[in-house]
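Q: Each residue of the sequence shown is one higher than the one before, counting from 402 in the numbering used here.
Glycine is no exception: its CB is placed at the ideal position from the N, C-alpha and C atoms.
Fair warning: this is a prediction, and the values are worked out from it, not measured in the lab.
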Amino acid sequence: MGSWVTLHLLDERKLSEKVIPDLRSGNSLTKEHITEYLRLSYLGGIQRLNVDQLERLILQTISNIKGIVHDYDILFEKDLQLLSYKEIEDKILAMNHDERQYDYGRFFEYLIFKYCADFIPHIALGKAGAHNIYPASDIALINDIIGKSQKMAGLYSQGNMGIESWIPADDTELLYYCYKELPFEEDNQFQQSILLFLEEAFKKQLGLVIGRDMNENMIERLPPYKLASEQYWIESNNKERFLFRS
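(1) DSSP three-state call for GLN559: helix, strand or coil?
(2) Looking at HIS523 and LEU408, is the spacing between their C-beta atoms short of 8 Å?
(3) Is ALA629 helix, strand or coil by DSSP?
(4) Closest to GLU617 by C-alpha separation, out of LYS515, SER464 and GLN448, would be which residue?
(5) Candidates ALA495, TRP634 and THR436: which alpha carbon is nearest ILE463's?
(6) Classify ILE466 as helix, strand or coil using the three-state DSSP reduction.
(7) Once DSSP output is grouped into helix, strand and coil, what is the label at SER647?
(8) Give every residue of the same chain whose Cβ lies closer than 6 Å to the Cβ of MET562, excluding the five residues on either side of it in the sequence, and list them in chain order.
(9) Quick one: what's got a C-beta closer than 6 Å to THR391's C-beta in the same chain, skipping five residues either side?
(10) My parser needs the alpha helix (DSSP H) runs of 4 or more residues fully inside the region 411-471; what are they?
(11) Using a Cβ-Cβ cutoff of less than 7 Å, which residues in the same chain neighbour LEU599 once the five nearest sequence positions on both sides are dropped?
(12) Are VAL406 and ILE595 closer than 8 Å when you measure CB to CB?
(13) With distances taken Cα to Cα, identify the nearest neighbour of GLN461 among GLN502, SER485, LYS627 and GLY445.
(14) Rounded to whole angstroms, how far is the Cβ of ARG465 from the Cβ of ASP519, which I believe are closer than 8 Å?
(15) Express the C-alpha separation of TYR511 and ASN428 in angstroms, rounding to a whole number.
(16) Tell me, please, whether the region 410-417 touches the region 625-638 by the rule of three or more beta-carbon pairs shorter than 8 Å.
(17) Look at GLN559 and ARG507 and say whether their C-beta atoms are less than 8 Å apart.
(18) Excluding the 5 residues flanking ARG646 on each side, which residues of the same chain have their C-beta closer than 7 Å to its C-beta?
(19) Comparing alpha-carbon positions, which option in ILE459, LYS605 and ASP453 lies nearest SER442?
(20) Return the residue from the list ILE568, GLU500 and LYS467 that minimises the CA-CA distance to GLN648.
(21) Alpha carbon to alpha carbon, what distance is there between GLU488 and GLN632?
(22) At which residues does the alpha helix (DSSP H) containing GLY506 begin and terminate?
(23) Among SER426, LYS604 and LEU556, which residue has its Cα nearest to the Cα of ALA495?
(24) Once DSSP output is grouped into helix, strand and coil, what is the label at TRP405?
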């Protein structure tokens, strides 16, 4: 069975200046945030718990997330790219054997789509994920940017389910310039979709975020159209380029 991988626009400034600092400091680990996260994601629903059970679950969830963030603090350091693939693989292996990783990965997914990304609209990338943005590209700059983003894959999710990676706004701008110069057929809807996404990211100085087998039931219920209006996407979707529900 294949993975469901999707591409979304990302307010990278808000991610780097608010979401990540608040997660690292513990400021986002409020009872209000955790209760909403559990309300949207807890299997069977929190309504089946009594008050004491819910309180214990909230405290345990906060402890799980806080522990991961502290134990794997390097995850959000800017020098992450300096680590070797072997060092990153070892971290991923350790994290995937850590039962706290599930809450950490899903809560990070919740924060991103609550504050700095929209679930709808998105582009389905297929099992190859980010590599399908520029399949079989022989352009070194494209391959370097995609490869750099994929180095993060597995660090922010549980068992490859959740946030796979993101591409910063400055790299997304470079991808846009490269993509405009690539030859492709005008009736290729996938490439047209990518180009429109990149153009929108370029105009608004946004980045891109890639999710794999995310908790759609949770993120679909978070505030929509934070980065562009619903009307804009309706008008842009006249050829059904995106997976879109109005």
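A: Let me spell this out:
(1) Looking up residue 559 in the sequence shown gives position 158. DSSP, reduced to helix, strand and coil, places GLN559 within a strand of the structure shown.
(2) By 1-based counting over the sequence shown, the position of residue 408 is 7. By 1-based counting over the sequence shown, the position of residue 523 is 122. Yes, these two residues count as a Cβ contact at 8 Å.
(3) Within the sequence shown, the letter at position 228 stands for residue 629. It is coil, neither helix nor strand.
(4) Numbered from 1 along the sequence shown, position 216 holds the residue referred to as residue 617. Relative to GLU617, the option among LYS515, SER464 and GLN448 whose CA is nearest is LYS515.
(5) Here residue 463 refers to the residue found at position 62 of the sequence shown. The candidate whose alpha carbon is nearest that of ILE463 is THR436.
(6) Within the sequence shown, numbered from 1, the residue matching residue 466 stands at position 65. For ILE466, the three-state secondary structure derived from DSSP is helix.
(7) Here residue 647 corresponds to residue number 246 of the sequence shown, with the count starting at 1. In this prediction, SER647 has a pLDDT of 34, which is less than 50 and means its spatial position is unreliable; nothing more can be read from the coordinates.
(8) Position 161 of the sequence shown holds residue 562. Only ASP614 meet the Cβ criterion.
(9) Limits of the chain in this structure are 402 at one end and 647 at the other, which puts residue 391 out of reach.
(10) For the region 411-471, the full-length alpha helix (DSSP H) segments reaching 4 residues or more read 421-426 and 432-442 along the chain.
(11) As a working note, residue 599 is residue 198 in the sequence shown. Excluding sequence neighbours, LEU599 sits near THR573, LEU576, TYR577 and TYR580.
(12) Position 5 of the sequence shown holds residue 406. Position 194 of the sequence shown holds residue 595. Their beta carbons are not under 8 Å apart, which means VAL406 does not touch ILE595 by this criterion.
(13) By 1-based counting over the sequence shown, the position of residue 461 is 60. Ranking the options by Cα distance to GLN461, first place goes to GLN502.
(14) To locate residue 465, count along the sequence shown from 1; it is residue 64. To locate residue 519, count along the sequence shown from 1; it is residue 118. The residue you asked about is not Arg; residue 465 is Asn in the sequence shown. Contact flag wrong, Cβ pair sits at about 27 Å.
(15) Locating residue 428 in the sequence shown gives position 27, counting from the first residue. Locating residue 511 in the sequence shown gives position 110, counting from the first residue. C-alpha separation (whole angstroms): 15 Å.
(16) In the pairwise beta carbon analysis, the region 410-417 is classified as touching the region 625-638: at least three pairs are separated by under 8 Å.
(17) As a first step, residue 559 is located in the sequence shown; it is residue number 158 there, counting from the start. As a first step, residue 507 is located in the sequence shown; it is residue number 106 there, counting from the start. Cβ atoms of GLN559 and ARG507: closer than 8 Å.
(18) As a working note, residue 646 is residue 245 in the sequence shown. Only weak support is given to the placement of ARG646: the predicted model assigns it a pLDDT of 42, under 50, and the question is left unresolved by the model.
(19) For the purposes of this step, residue 442 is identified with residue 41 of the sequence shown, where counting begins at 1. The candidate whose alpha carbon is nearest that of SER442 is ILE459.
(20) Residue 648 lies beyond the range of the chain shown here (402 to 647); nothing can be said about it.
(21) Within the sequence shown, the letter at position 231 stands for residue 632. Within the sequence shown, the letter at position 87 stands for residue 488. Cα to Cα, the separation comes out at about 45 Å.
(22) What you label residue 506 is simply residue 105 of the sequence shown in a count that begins at 1. It spans 502-516 - the alpha helix (DSSP H) in which GLY506 sits, taken as one unbroken run.
(23) For the purposes of this step, residue 495 is identified with residue 94 of the sequence shown, where counting begins at 1. Cα-wise, what sits closest to ALA495 is LEU556.
(24) Start at 1 with the first residue of the sequence shown, and residue 405 comes out as number 4. In this structure, DSSP gives TRP405 a state outside helix and strand, which the three-state scheme calls coil.
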